[in-house]
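Numbering (our numbering), first residue to last: 69 to 310. Just so it is clear, CB atoms sit at the ideal spot from N, CA and C, and this is done for glycine as well. Read through the structure below, which is laid out as structure tokens, and then see the notes.
Structure follows, in structure tokens:
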């Protein structure tokens, strides 16, 4: 009986002795970088915002490489500001970003090769009106920047714009003669209503460049460089002011 057990034990040990243990060796960084590639799939329309206002924005990239993008893992892909620029954070445009030059990571936990990664983040319009172009590009931090990029154009706008519709004919007067009341009609082509009597919302008809040298010609002007205020209590976008 003991001999039989010894034989069985010997037989069982034979296959175990021939087992080869495989060891996983990670690719070096320069080789890993070659497995990351992306292509812009789509992005939202460029936002126009009041200074200080915020908007949520989405950019989507397709994974055209061979490495999956794993959120929270070594192969996480973020959406970065090209060149690691801090300019836009210094302007106060970053709201809840990962860092001053990393705006977001993928919404999806895993983006396999061929899949689409969604980057959603919030941006704030700077205090100074203007158009601000944020160059964006996917990046696997510690590995490589991916090659395709996108540009987010943010317009910080006060919302006040106008276009002249019509006006009275130019008067010809004798010295000292006073004209009949003159009229100018202007369309509100902006995004904000014009409200008479509210500072910052009322629209006046002013002398270009705040030139006060013409004030001697004025009769009943609100001030030396403002000839009239809107006649209507409220002029919404697209409406006419007299």
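The region 220-237 makes contact with the region 245-262, as at least three CB pairs between them are under 8 Å. In the three-state scheme derived from DSSP, where H, G and I count as helix and E and B as strand, residue 100 is classed as helix.
For residue 259, no alpha helix (DSSP H) segment is defined, and its DSSP state is neither H nor E. Shown here, residue 129 sits in a strand according to DSSP, grouped into three states.
Residue 161 counts as buried, since at least 16 other C-beta atoms from the protein chains shown sit within 10 angstroms of its C-beta.
With respect to residue 191, residue 166 sits apart: the two C-beta atoms are not nearer than 9 Å.
According to the DSSP assignment, residue 156 belongs to the alpha helix (DSSP H) that extends over 155-158. Assigned with DSSP and collapsed to three states, residue 220 falls in strand.
For residue 247, no pairing in a beta bridge is given by DSSP. The beta carbons of residue 129 and residue 184 sit closer together than 9 Å. Bridge partners of residue 192 according to DSSP: 122.
Contact check between the region 230-245 and the region 114-131: fewer than three CB pairs, one atom from each, fall below 8 Å, which does not count as touching.
Of the residues 164, 201, 170, the one whose Cα lies closest to the Cα of residue 144 is 170. Per DSSP, residue 272 is one residue of the beta strand (DSSP E) stretching across 272-274. Counting the other CB atoms within 10 Å of its CB gives residue 148 a total of 16 or more, which places it among the buried residues. In the structure shown, the three-state DSSP call for residue 150 is helix. Where residue 198 is concerned, the enclosing beta strand (DSSP E) starts and stops at 198-208. For residue 281 and residue 243, the gap between their C-alpha atoms comes out near 18 Å. When 267, 122, 300, 152 are compared, the shortest CA-CA separation from residue 208 is found for 152. By the CB criterion at 9 Å, residue 197 and residue 119 fall inside the cutoff. When C-alpha distances from residue 204 are compared across 154, 139, 210, 218, the shortest belongs to 218. Nearest to residue 106 by C-alpha distance, out of 133, 117, 100, 114, is 133. Taking the CA atoms as reference points, residue 111 sits about 16 Å from residue 223. By the 16-neighbour rule on beta-carbons within 10 angstroms, residue 271 is buried. Residue pairing by DSSP puts residue 173 in a beta bridge opposite 146.
Taking 8 Å as the upper bound for CB-CB distance, residue 194 and residue 159 are in contact here, some 5 Å apart.
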